[in-house]
Amino acid sequence: MSHTVPVPHGLLTERDAGPFDPPRQITRLREARPVSPMVFPDGHEGWIVTGYDAVRRLMADTRFSSRQDLGVLHEPYEIPGMPTFTEPSPQQPGLFISMDPPDHTRLRKKLIGAFTVKRMKQLEEHIVDIVERQLDELARLTPPVDLVTEFALPVPSLVICEMLGVPYTDRENFQVNTARFLNTELPFEEKIAAFTELSTYLAELVTRKRAEPGEDILSDLARHDDLTIEELTGVAFLLLLAGHETTANMLGLGTFALLEHPEQLAELRANPDLMPGAVEELLRYLSIADIFFRYAVDDIEFGGETIGKGSTVIVSLLAANRDPERFENPDTLDVRREARGHLSFGHGIHQCLGQQLARIEMRAGFAGLLRRFPTLQLAIPAGEVKLRTNMRIYGVHELPVTWTETAR
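Just so we're aligned: the sequence shown equals residues 1207 to 1614 in my numbering.
Next up, the structure:
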């Protein structure tokens, strides 16, 4: 492999270009070589893909596997500045995000009916009610308040708990443990402990649902006799984690971005009909679930390069969504942009199953927040907002906000 570049300090996480922009190193790599060879600190030669067209093609190419048991699993931001590496990890039952067909197909097919566009549209009014109730709670508080704790996290947690049949009273358990599991600075043992604790809880829950099913997604899955308890637990873990972490961080970071772009915020307030397109633009602009891993199952000619069998390939959705070859003035937040075609929900067979649910939650969340809190503003300087650079899903740890009046 010629002209390989070492993994520099903070390549994937250091937000040196600002809280909403890709790291400068990533942008330079995309401009110079959208499919770039790289050398990890352990000497393993891999690749990073940053160009829009290349990322889109790669994520639809079945020669690049999602299975983490095929090669060395690289965790390039386990410890700030110094990656750690583990041996190939065994396949976890039910975690179909890290599976290939036919295993991936068998599990995902059982969930498609629960997340159809029609089913989500039927839920929309109820989701709006959940948002409005949470906004009522927020309005009763005396500012400043943390918008993450009081709004961005509760809304998707309430929604996904209700859909899955997970008691909302248990939210502290799963919120704490999923946060620990996603924290790249925690020792591996602590993250495994968090995963084990949450998995134990979910195994007990799905076992009860198999015995006494209710009217929820996990009960529907538990009725399938061909799914083991271990598989049900893995699916439940994936849905619960993805169902609240991603949308919560989009609501928090998206609000921060709008407050830091007052002209765009004013545009949205003046033209509420722009909200659906604005949500797509925020998804593109922020790309909170940025980094994905793929593994070459054979020697592959791709993007003018030869990617060797077993190579680890890092895919950056944020870099792809900021590619000027695909989006004009990509580093500008423009709520009037036609941002369809962004890759924030992935692409190919692993494209996010819950994307329509997330869109509904974000449209309702942002619209309600802007309507009810016309004077919303940051309660601290923007530079003091704590960014989730230590987490697998980007966002803000806290967003202290204040206001002088509320509206219905």
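Yeah, the Cβ is synthetic: ideal placement off N, Cα and C, and Gly gets one too.
Outcome for residue i when other beta-carbon atoms lying within 10 angstroms are tallied against a minimum of 16
i       : result
TYR1491 : buried
THR1390 : buried
ASN1535 : exposed
HIS1430 : exposed
VAL1323 : exposed
ASP1540 : buried
VAL1382 : exposed
GLN1340 : buried
GLU1451 : buried
GLY1460 : buried
From the options, residue whose alpha carbon lies closest to that of residue i
i       : options                               : result
ASN1362 : LYS1592, GLU1567 and GLY1420          : The identity of residue 1362 in the sequence shown is Pro, whereas the question assumes Asn. Ranking the options by Cα distance to PRO1362, first place goes to GLU1567.
GLU1331 : GLY1574, ALA1588 and LYS1415          : GLY1574
GLU1410 : LEU1438, ASP1432, THR1608 and LEU1392 : LEU1438
ILE1494 : PRO1228, GLN1340 and THR1434          : PRO1228
LEU1605 : LEU1464, ASP1259, ILE1435 and THR1518 : LEU1464
VAL1485 : ARG1239, ALA1260, ARG1314 and PHE1551 : PHE1551
ALA1585 : GLU1466, MET1481, PHE1401 and ALA1442 : GLU1466
PHE1270 : GLY1589, PRO1360 and THR1512          : THR1512
THR1595 : ARG1565, ASP1496, ARG1542 and ALA1525 : ASP1496
VAL1519 : PHE1226, PHE1246, ARG1221 and ARG1325 : PHE1246
VAL1261 : PRO1587, GLY1601 and LEU1549          : LEU1549
LEU1264 : VAL1503, MET1456 and GLY1440          : VAL1503
ARG1598 : VAL1337, ALA1448 and ILE1336          : ALA1448
For residue i, three-class secondary structure by DSSP
i       : result
ARG1577 : helix
TYR1407 : helix
ASP1193 : The displayed coordinates of the chain run from 1207 to 1614. Any statement about residue 1193 would go beyond what the structure contains.
GLU1251 : strand
GLN1583 : strand
PHE1649 : Residue 1649 is absent from the structure shown; the chain starts at 1207 and stops at 1614.
ASN1150 : Only positions 1207 to 1614 of the chain appear in this structure, which leaves residue 1150 out of reach.
LEU1593 : strand
PRO1373 : coil
THR1434 : coil
PHE1394 : helix
SER1272 : coil
PRO1289 : In this prediction, PRO1289 scores a pLDDT of 36, lower than 50, which makes its location untrustworthy; the coordinate-derived value is nonetheless stated afterwards. Note: PRO1289 maps to coil in three-state DSSP.
THR1384 : helix
THR1256 : coil
THR1608 : strand
PRO1478 : helix
PRO1243 : strand
Contact belief for residue i with residue j at Cβ below 8 Å, rounded distance in angstroms
i       : j       : result
ALA1426 : MET1369 : Checking the sequence, you will find Asp at residue 1426 rather than Ala. The pair is not a contact, with the Cβ atoms about 10 Å apart (cut-off 8 Å).
MET1244 : SER1272 : Their Cβ separation, rounded to whole angstroms, is 20 Å, which puts MET1244 and SER1272 out of contact at 8 Å.
ARG1569 : MET1481 : 5 Å
VAL1354 : LEU1446 : VAL1354 to LEU1446, Cβ: 18 Å. No contact.
Next item on the list: Would you list, in sequence order, the uninterrupted alpha helix (DSSP H) runs of no fewer than 4 residues that lie entirely inside the region 1301-1326?
Entry: Fully enclosed alpha helix (DSSP H) runs of 4 or longer: 1309-1315.
Note to self: At 4 residues or longer, what runs of the alpha helix (DSSP H) sit wholly inside the region 1492-1572?
What the structure shows: 1523-1527
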